[in-house]
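Working notes, structure below.
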Amino acid sequence: MDAAREKGVSERRACSLVGISRLTYRFRGRDKGDGPIRERMRALAHRWLRFGYRRLGVMLERENMAANHKRIYRLYTEEGLKVRRKRKKLRSQVRTAPMLVPSRVNERWSMDFMSDCLATGRRFRTLNIVDDLTRKCPAIEVDTSLTGARVVRVLDKLAILRGSPGHDRDRQRQ
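Under the working numbering, the first residue of the sequence shown carries the number 1, and numbering increases by one thereafter.
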């Protein structure tokens with residue numbers, strides 16, 4: 001508006017050209033007295049890094065520095081405060097040995113459960129035991145309920161018929 005005044009244009013004319021009201025041009029904001037709340041919030045946020053604006057607002061209320069939650073949020077953002085993210089835990093640098101490919105039949109078996117349902121809606125489960133080298137399935141057990149005892153019985157029966165798997169992972173690691 002100073003440039004308009006130098007050119008000899010009135011305040012009324014300059015405001016109408018810019019498209020604002022004269023009240024908006026003349027408005028001077030007043031101090032809201034946020035200084036003490038702002039300082040205390042900064043101190044609390046420095047002390048309690050994991051607290052957001054809501055929790056800091058509660059703490060300010062306890063200290064009789066009550067303020068509207070919208071005011072607390074405005075001050076929180078103006079101060080550039082934010083909840084610090086937790087750092088991820090460092091994982092162990094020890095790598096496990098890769099699983100070795102079996103070199104002979106019956107060296108290692110894999111076991112898996114699968115589930116499906118009949119047309120009547122009744123569910124059934126299957127226990128599949130697979131030889132890892134040949135990918136053949138020496139045993140499949142199907143029933144509506146497969147208990148742990150039943151699984152042990154199937155594995156014992158398979159060990160008698162084909163011999164137990166000769167897989168010793170600790171020996172392969174050396």
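We put the CB at the ideal spot given by N, CA and C, even for glycine.
Of the residues M41, L161, M111 and D143, the one whose Cα lies closest to the Cα of T77 is M41. In this structure, the alpha-carbon of I160 lies about 27 angstroms from that of F124.
Secondary structure at I72: helix, using DSSP grouped into helix, strand and coil.
Where C117 is concerned, the enclosing beta strand (DSSP E) starts and stops at W109 to C117. Under a 10 Å Cβ-count criterion, Y53 is classified as buried, with 16 or more other Cβ atoms of the shown protein chains found around its own Cβ. Around K157, the same chain offers A139 as residues with beta carbons nearer than 8 angstroms, after the five sequence neighbours per side are excluded. Just measuring C-alpha positions, the residue of I20, E11, R71 and V18 sitting nearest G35 is R71.
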